[in-house]
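Set out below in structure tokens:
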């Protein structure tokens, strides 16, 4: 699909191209895409890692970077674009769905949720999903992507007719998420999930979870020891680390509700949220 067929009429192609050409990260990513120059060490770069993980979905057209036929928005246009979409489509779910139809950048869902967190209109539309305060803790951020990850279990949701639970992994530094449907959350299923991810991304140095029994089993402890991964169990949440899992959980819940309303498979909610 060409850029001309998906670009917002209020954001001219020239504007996107100009800002893209001035965005150092996007310029480098475009070069890597054009030259097929991705290297394994790019996943350790805090700026390139989010693009490295989706490299197979990236393309370049008319000087713009695309991800699966959506425009990758330059950093200096993101706030302006979110404001415009939010005014047209108040409410977190509707704004996210509209934004995801045409645009993408790393952390797009979290950025939009943060922006409209204090919007009274959005709060009124989300009264059925009250927010809880996330306290902070002193856990430091890592120096590289996938050095430290968090895992959590959420669901099923009372407001969405799905009997599924979801296993979620969030990379502390890049906020890159991985999600799996998990009807039966056992230590064995968690090990299977992590084995798959570790084979793809490599072994992290640290892993954080709550104190759930599935994370305290002998089998799970032996698995982490074999992979040389340190496990930190915590009950408190750091806004920049574990709190990201809580924010993502809320986004997943909202997408699951929207998907249930439209009678689509729950897998569609995950795809839209991660896309």
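Numbering (the UniProt record's numbering), first residue to last: 1 to 275.
Quick reminder that beta carbons are idealized off the backbone N, C-alpha and C, glycines included.
Under the DSSP definition of a beta bridge, residue 60 partners with 65.
Excluding residues up to 5 positions away in sequence, 44 lie with their Cβ nearer than 6 Å to the Cβ of residue 144 in the same chain.
Separation of residue 26 and residue 213 (C-alpha to C-alpha, rounded to the nearest whole angstrom) is 43 Å. For the options 157, 195 and 16, the alpha carbon positioned closest to that of residue 183 is the one of 157. DSSP places residue 187 inside the alpha helix (DSSP H), whose first and last residues are 187-201.
Residue 58 and residue 110 have their C-alpha atoms spaced approximately 21 Å apart. For residue 227, the enclosing alpha helix (DSSP H) covers residues 218-227.
Ranked by how close their Cα comes to the Cα of residue 34, the residues 13, 22, 61 and 19 have 61 in first place.
Put simply, the backbone Cα of residue 224 is about 7 Å away from that of residue 231.
Secondary structure at residue 205: coil, using DSSP grouped into helix, strand and coil.
Following the DSSP letters along the chain, one finds residue 72 in no alpha helix (DSSP H) but inside the beta strand (DSSP E) bounded by residues 70-72. Shown here for residue 193: same chain residues with a beta carbon closer than 6 Å to its own, the five before and five after excluded, namely 167 and 180 in chain order.
A distance below 6 Å between beta-carbons, with the five flanking residues on each side excluded, links residue 106 to the following residues of its chain, in chain order: 50. Ranking 244, 196, 215 and 205 by CA distance to the CA of residue 185 puts 215 first. In this chain, residue 43 is not harboured by any beta strand (DSSP E), its DSSP state being neither H nor E.
If the five residues before and after residue 78 are omitted, its C-beta is found closer than 7 Å to the C-beta atoms of 105 and 111, all from its own chain and listed in chain order.
The alpha-carbon of residue 165 is positioned some 40 Å away from that of residue 24.
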